[in-house]
Amino acid sequence: MSIQALEKAIEIAGGQSALGRLIDRDQKAIWAWINTTQKVPAEDVIKIEEAVDGKVTRHELRPDVYPKVKPMDKMRVTGGGKLNGSIKISGAKNAALKHMCASLLTDEPFILQNMPTTLRDVNFLTQVLEQFGVDIKKDADKNEMTFHAKEITSDFASYELVRKMRASILVLGPLLARHHTAEISLPGGCAIGGRPIDLHLKGLEAMGAKIKLEEGYVKATAPKGGLKGADITFPFVSVGATDNLLMAATLADGVTILRNAAREPEIVDQGEALIKMGAKIEGLGTSEIRITGVKKLNGATHSVVPDRIETGTYMCAVGLCGGELRLQNTRTNFLSALISPLREAGMSIEQEGDDIVVRRNGAKIKGVDIMTEAYPGLATDLQAQFMTMLTLCDGAGMISETIFENRFMHVPELCRMGANITVKGNSAIIRGVDKLKGAEVMATDLRASVAMVLAGLVAEGETIINRIYHLDRGYENIVEKLTNAGAKIERIS
Ligand code: UD1
135 MSIQALEKAI
145 EIAGGQSALG
155 RLIDRDQKAI
165 WAWINTTQKV
175 PAEDVIKIEE
185 AVDGKVTRHE
195 LRPDVYPKVK
205 PMDKMRVTGG
215 GKLNGSIKIS
225 GAKNAALKHM
235 CASLLTDEPF
245 ILQNMPTTLR
255 DVNFLTQVLE
265 QFGVDIKKDA
275 DKNEMTFHAK
285 EITSDFASYE
295 LVRKMRASIL
305 VLGPLLARHH
315 TAEISLPGGC
325 AIGGRPIDLH
335 LKGLEAMGAK
345 IKLEEGYVKA
355 TAPKGGLKGA
365 DITFPFVSVG
375 ATDNLLMAAT
385 LADGVTILRN
395 AAREPEIVDQ
405 GEALIKMGAK
415 IEGLGTSEIR
425 ITGVKKLNGA
435 THSVVPDRIE
445 TGTYMCAVGL
455 CGGELRLQNT
465 RTNFLSALIS
475 PLREAGMSIE
485 QEGDDIVVRR
495 NGAKIKGVDI
505 MTEAYPGLAT
515 DLQAQFMTML
525 TLCDGAGMIS
535 ETIFENRFMH
545 VPELCRMGAN
555 ITVKGNSAII
565 RGVDKLKGAE
575 VMATDLRASV
585 AMVLAGLVAE
595 GETIINRIYH
605 LDRGYENIVE
615 KLTNAGAKIE
625 RIS
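For the record, in the sequence shown the residue sitting at position 158 is 292 according to the working numbering, with numbers rising by one throughout.
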């Protein structure tokens, strides 16, 4: 944090008390930010920026949380070449976010390695956790972050913070388990469907929590003595509900059984980290997880599992563009539902030590049919990339989306680039065309955005992708990674 920037804001406001009045804080809080190691919470940083009319920016106050705003919100991709070279796969976003929430469960430091530290979603969640009093240190060079929730000083997360990222709801279970109360904004609607959180709430209620929904907030209280173990059967598989209840159950009194639980590798990774923290968990990776609550969890060090969605995205890129990529530090074993149709389509994919070598030389890929399903089925988060790959296939392929109801938003954009895709209900038929043509397109959500990048890599001419901030939520250094593999891609303002 920059003390000089804070001092400048105090000077502009006319003193510590005056600044305090402008941002609804007492002078003591301002004094503590100047004179102790306490950092200005992310929300107050925004209020200070507003109070001094932007003369001191949020980046100057907290560069660790608010990276310098780049006026570059578009990407230019010039299509044509094959992909060749190496790409290092980052730690999984969808595991990292859950581990970060689990840091609330212990008063000791929790160290995460192989962290995708530059992702916007990691930054958002950093802000949410700091609001609760978690001390967070980041060492970007080492891909390491340390979380220390010595004391939970607040149990409130505003809409302003939560709306940016649905995964913020995963603080609910850990907060209730350790702090016994929580007031969290309901996550806003999401471009890929309604995405309710009823299963999270029903599960916590089964563990004895009292939950009220008021003015867009979930207000939850644990019973006297804390959450109680419960036998919970999910009516359908939910990754988020499994995560939230798994974390909550580690500190509950008694045994919790989660039936029809999600089996995603990121949940297994989360469970393994919790076990290092002292949790008692059996059945990870199966649909029945049994957790015996303990009184206290300790600190731990854990390395985040590689990102299978990032890995699969670059596999589809090779399928589309041709060439050979060595994907470093990742595994084939949690991608079998993607690898079999890719092999059927004519690609070669081999694990070599800690790397995966992906090749497509010569012939066009063949059209294949796929269906998204909960793990171990094919991930919905890879559907847009797979569809983009099929746009140039020999013949036709069909994709059925069974997880989210509104996840074909990339289709009109791909069609504008010359793809031949017909959607009927939750299925799409992709008839292979000879080429795609560059166009100006819009990125609508994280995975749809990356689908536009892939299409641009192979399209004739230039593709300009607007609203690429979605990409920065989930793909670390995508421009650098693809450039190293021979792609022509750059950010433009
Ligand atoms: C997680 C992933 C996301 C992925 C999705 C499905 C993270 C941070 N995000 O999202 O990238 O696309 O899994 O693999 O890990 N549902 C309900 N009620 C609930 C919860 C879910 O109806 O209480 C529905 C959803 O609307 C959806 C389905 O269940 O149709 C699956 O959602 P879920 O598995 O919970 O997805 P997320 O955890 O939000």
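Note that the Cβ used here is the ideal one computed from N, Cα and C, for glycine as well.
Distance from the C-beta of F281 to the nearest heavy atom of the ligand UD1 is not below 8 Å. DSSP places D489 in the uninterrupted beta strand (DSSP E) bounded by 489-494. D365 is the residue among E478, D365, L469, G446 whose C-alpha sits nearest the C-alpha of E422. Cβ-Cβ separation between I221 and L580: approximately 18 Å, too far for a contact (criterion under 8 Å).
The Cβ atoms of L516 and T447 lie closer than 9 Å to each other. Each of E400, T384, L380 was checked against the Cα of R393, and the nearest Cα belongs to L380. Excluding five sequence positions before and after E610, the CB atoms of its chain that fall closer than 7 Å to its own CB belong to S224, P250, T252, L253, given in chain order. The stretch 543-559 makes contact with the stretch 573-591: 3 or more CB pairs, one atom from each, lie closer than 8 Å. In this structure, D528 places its C-beta atom within 9 Å of the C-beta atom of A497.
Nearest in C-alpha terms to R312, of all of A236, A176, V199, is A236. Look at R210 here: in three-state DSSP terms it is strand. In this structure, the straight-line span from the alpha carbon of V262 to that of G501 is close to 44 Å. Linking R300 to L306 through their CA atoms gives a straight-line distance of about 12 Å. Between A229 and V438, the gap from beta carbon to beta carbon is short of 9 Å. Relative to the Cα of D488, the nearest Cα in the group T464, S470, P510 belongs to T464. Residue environment analysis places S319 among the buried positions, since at least 16 neighbouring C-beta atoms fall within 10 angstroms of its C-beta.
Of the candidates A316, V557, A395, the residue whose Cα lies closest to the Cα of P510 is A395. Annotation: L431 is outside any alpha helix (DSSP H) and is labelled neither H nor E by DSSP. Excluding residues up to 5 positions away in sequence, P510, G511, L512 lie with their Cβ nearer than 7 Å to the Cβ of A471 in the same chain. Note that the stretch 560-574 touches the stretch 597-610; at least 3 beta-carbon pairs, one per stretch, sit closer than 8 Å. Remark: the C-beta of E574 is outside contact range of the ligand UD1, defined as less than 8 Å to any heavy atom. Distances taken from the Cβ of N228 to the heavy atoms of the ligand UD1 include one shorter than 8 Å. Collapsing the DSSP output to three states places G412 in coil.
Q261 is bridged by DSSP to nothing; it lacks a bridge partner.
Under the DSSP definition of a beta bridge, G531 partners with I564.
With a threshold of 8 Å, the Cβ atom of R300 counts as near the ligand UD1, since some heavy atom of the ligand is closer than that. Buried is the label assigned to K227, since at least 16 other Cβ atoms lie within 10 Å of its Cβ. In this structure, A354 lies near L310, with their beta-carbon atoms less than 9 Å apart. Here the distance from the Cβ of D515 to the nearest heavy atom of the ligand UD1 is below 8 Å.
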